[in-house]
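Reviewing the structure listed below.
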């Protein structure tokens with residue numbers, strides 16, 4: 026997202042970017058190397074109040090002298106040298122700061138990742154990670170549960186480059202606990218080789234076309250999958266009812282029971298789609314733009330009935346051992362020259378002001394891609410899944426879990 030932001034996107038972002046890859050009670054969502062120390066380390070000392078805070082800060086200050094930061098992220102979500110498999114921006118960061126980055130692509134799905142770290146966080150145990158990127162609604166949960174730390178913005182002077190419409194989000198006003206990493210859309214991808222040459226351009230076709238039977242995957246992100254179905258049913262995902270949600274689940278269950286759907290996935294839909302094992306699926310924009318670099322025949326559409334809009338965000342978990350180093354890392358990526366290199370590779374939407382201008386010189390074709398620099402027509406199809414109450418989130422997650430099981 027680059028200055029100037031089209032009015033449609035500004036409004037959508039002010040309400041909140043949604044699920045990647047909704048949020049606080051009754052509020053709208055907001056927006057767009059293996060670990061060296063993964064697991065249960067660094068139990069919190071049994072002290073309280075000022076003493077506990079001072080002890081934690083002292084431990085962090087000492088750990089930050091290690092010149093190390095552990096970052097968990099989604100697959101295919103950072104720039105890579107395709108020949109050497111090195112990650113240029115990370116290498117440049119280490120050269121510039123002396124801080125080594127243990128970068129792990131172990132964030133495949135919000136709930137799956139949360140299930141891994143929640144027991145540690147709830148037990149007051151270091152997760153072995155210093156920073157990761159969660160989708161808006163998950164950030165809301167982590168803040169609500171006290172599982173992430175407030176950012177020291179003095180260590181992130183480049184936070185001033187965050188797009189204005191992404192600053193005062195409902196779940197984190199003023200961005201005290203999070204800063205956006207990338208944003209994007211969820212739509213429909215298809216492999217013509219597996220569809221017999223047919224285009225797949227609607228949710229209804231995806232769920233009912235016999236040519237696709239048994240070769241369709243949907244996303245484990247409830248807000249994307251249910252959101253796309255709700256819009257196909259003519260509902261507004263900003264204001265749907267409980268009955269609307271139930272009807273959408275029923276439509277999905279009908280397709281599953283008919284054998285149309287072979288499964289629900291996180292980011293792991295990409296290889297089967299590229300190979301043709303999956304004929305069509307719900308998919309995220311940047312993933313497909315990357316896949317099309319190797320296979321231009323892959324199709325991708327934002328349904329006429331609407332697509333979802335979301336953002337993933339940097340957060341620093343409680344008891345992270347290298348907090349200041351993590352903040353230094355975030356600051357580095359908030360340089361538009363650095364962010365432009367990432368966007369040029371990952372092909373998602375940047376939350377950093379000035380990126381568009383850099384991209385226009387670095388890669389004019391990418392700068393003109395409406396999935397990366399959305400135009401007004403593209404944005405008219407983009408909608409944000411409404412905020413859920415605590416009771417709704419529990420109920421809807423249970424219904425969706427039952428649907429995706431087995």
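Residue numbers (this note's numbering): 26 to 431. Virtual Cβ for every residue (Gly too), placed ideally from N, Cα, C.
Next on the checklist: Quick check: the Cα distance between residue 267 and residue 119, rounded to an integer number of angstroms?
Outcome noted: In this model, residue 267 and residue 119 are separated by some 49 Å (Cα to Cα).
Checklist entry - If you follow the alpha helix (DSSP H) that residue 135 is part of, which residue opens it and which one closes it? => result Where residue 135 is concerned, the enclosing alpha helix (DSSP H) stretches over 135-147.
Item to check | Distance, residue 235 Cα to residue 96 Cα | outcome: Per the coordinates, the alpha-carbon of residue 96 lies some 43 Å from the alpha-carbon of residue 235.
Next on the checklist: I need the boundaries of the beta strand (DSSP E) containing residue 213, first residue and last residue.
Outcome noted: Counting along the chain, the beta strand (DSSP E) containing residue 213 begins and ends at 204-215.
Item to check | Residue interval of the alpha helix (DSSP H) (run including residue 363) | outcome: Residues 361-371.
Checklist entry - Which partner residues does residue 342 have in the DSSP bridge list? => result Residue 342 pairs with 173.
Checklist entry - Run through DSSP, which three-state label would residue 289 get? => result Three-state result, residue 289: strand.
Checklist entry - Taking contact to mean at least 3 C-beta pairs separated by less than 8 Å, is the stretch 320-340 in contact with the stretch 247-261? => result The answer is yes - the stretch 247-261 touches the stretch 320-340, with three or more Cβ pairs under 8 Å.
Item to check | Best match in 238, 231, 282, 325 for proximity to residue 295 [C-alpha to C-alpha] | outcome: Closest in C-alpha terms to residue 295, from the list 238, 231, 282, 325, comes 325.
Next on the checklist: Tell me which residues share the same chain as residue 317 and place their Cβ nearer than 8 Å to its Cβ, disregarding the 5 neighbours each side in the sequence.
Outcome noted: Counting only Cβ-Cβ distances below 8 Å, and skipping sequence neighbours, we find 323, 325.
Checklist entry - Just the Cα atoms here: how many angstroms apart are residue 215 and residue 178? => result Their Cα atoms are separated by approximately 42 Å.
Checklist entry - What first and last residue would you give for the beta strand (DSSP E) that runs through residue 324? => result Annotation for residue 324: the continuous beta strand (DSSP E) segment containing it runs 324-326.
Checklist entry - Would you call the CB atoms of residue 102 and residue 371 closer than 7 Å? => result The beta carbons of residue 102 and residue 371 sit closer together than 7 Å.
Item to check | Sufficient close CB pairs (3 or more, under 8 Å) joining the stretch 179-197 to the stretch 377-388 | outcome: Counting Cβ pairs under 8 Å, three or more are found: they touch.
Next on the checklist: For residue 327 and residue 90, what's the separation of their Cα atoms in angstroms?
Outcome noted: C-alpha separation (whole angstroms): 47 Å.
Next on the checklist: Using 7 Å as the threshold, is the C-beta distance between residue 309 and residue 211 below it?
Outcome noted: Between residue 309 and residue 211, the CB-CB gap stays under 7 Å.
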